Amino acid sequence: MNIIRQISVMGIVAVGFTFVLIGGGLDLSVGSQIAIMNVSVALMIVEHGVNPILAVIIGIVMTTVIGFFNGYMITKTGIPPLIATLAMMTALRGVTFIMSKGYPIYGIPDYLKVIGQGNIYKIPVQGIIMAGIIVLGIILLNKTYIGRHFYALGSNTEATRLAGINIHFTRTTTYTLLGFLTGIAGLVMLTRVGSGQPNIANGFELNVLTAAVLGGVSVNGGKGNIPGAIVGTAIIGVLNNGMSIIGANDYWQKVITGIVLFVVVVFDSISQSKRKA
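With the first letter of the sequence shown counted as 1, position 166 gets the number 311 in our numbering; the numbers rise by one all the way through.
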């Protein structure tokens, strides 16, 4: 069950990240979204006396709005997703440190910590949440018209537009869903750690990207599925766990993750080129 605890946050975000990648997008701000959600909710509870449930709802709404803004900004301005979300990543991380003054915020109530630390019949609560989100994500992607629109958008934007599909709405929806799921992942992270940490999830976006692409989700859009992304997430989790066991520090984990990302992106690009040829 330890591996479930390790990959649950990444798995939840990987579902939303799959939507964005399949739709031909990219979001590098998910780690910073988790951080600002952590700190904001902790501050509301500890320093402003906001009801913890209300604070959590506000935090999830906040990341959902951030996701919507990312999608809206990209679709309406034509700014490349890499640039737009990189700017958002930097801005959110800066705001997080300003809000927290760089210090952790302690005082999360114990009943909230059950989400990140508790078990139901020896199964981690966070694992149950991840499983539910995976099932709902698979249904949305494979059994609804909006899921089919995601694939169409990522495969051929112009053909999708000519088919009468609202490409702006569709793309913005992928980012909004990712923002919502990032908020849920942020809640799991907050209740697992037990405090609002301004530096949490630093570099997290590259781990999620690597997991999704390793699981067969194309960085060029239009290809991939959620089960594959979750398999990729599990591989990254096992890899990181193995490196921790042998005593490798975080820097080596980043090196390995970077190498894996480079290799799978190269293979993805080669396979895309062969299909077009």
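Glycine is no exception: its CB is placed at the ideal position from the N, C-alpha and C atoms.
Model, not experiment: these values are computed from the prediction.
Asked	Found
What is the rounded straight-line gap between the Cα of Val362 and the Cα of Ala393?	28 Å
Quick one: any contact between the stretch 199-217 and the stretch 320-334, if contact means 3 or more CB pairs under 8 Å?	yes
Is Gly366 helix, strand or coil by DSSP?	coil
List the whole-angstrom C-beta distance separating Ser245 from Pro343, where the pair is believed to meet the contact cut-off of C-beta under 8 Å.	4 Å
Where do the ends of the alpha helix (DSSP H) carrying Asn385 lie?	371-390
If Gly369 sits next to Ile167, beta carbons under 8 Å apart, how far is it from one beta carbon to the other, in whole angstroms?	6 Å
So, Pro249 versus Gly176, is the Cβ gap smaller than 8 Å?	no
Can you list, in chain order, the residues of its chain whose CB lies under 7 Å from that of Gly292, leaving out five sequence neighbours each side?	Leu285, Leu286
So what's Tyr217 in DSSP terms, helix, strand or just coil?	helix
What does Tyr251 pair with, by DSSP beta-bridge criteria?	Ser340
Note the first and the last residue of the continuous alpha helix (DSSP H) segment covering Leu171.	Run containing Leu171: none; DSSP gives neither H nor E here.
Considering Cα atoms alone, identify which of Ile243, Phe213, Ile283, Gly360 is closest to Ala180.	Ile243
Assuming Met155 contacts Gly331 (C-beta within less than 8 Å), just tell me the rounded distance between them.	About 12 Å; that fails the 8 Å criterion.
In angstroms with no decimal places, state the Cα-to-Cα distance between Gln398 and Val405.	11 Å
Determine the closest residue to Ile198 out of Asp395, Val240, Lys258, Thr222, with distance taken between C-alpha atoms.	Lys258
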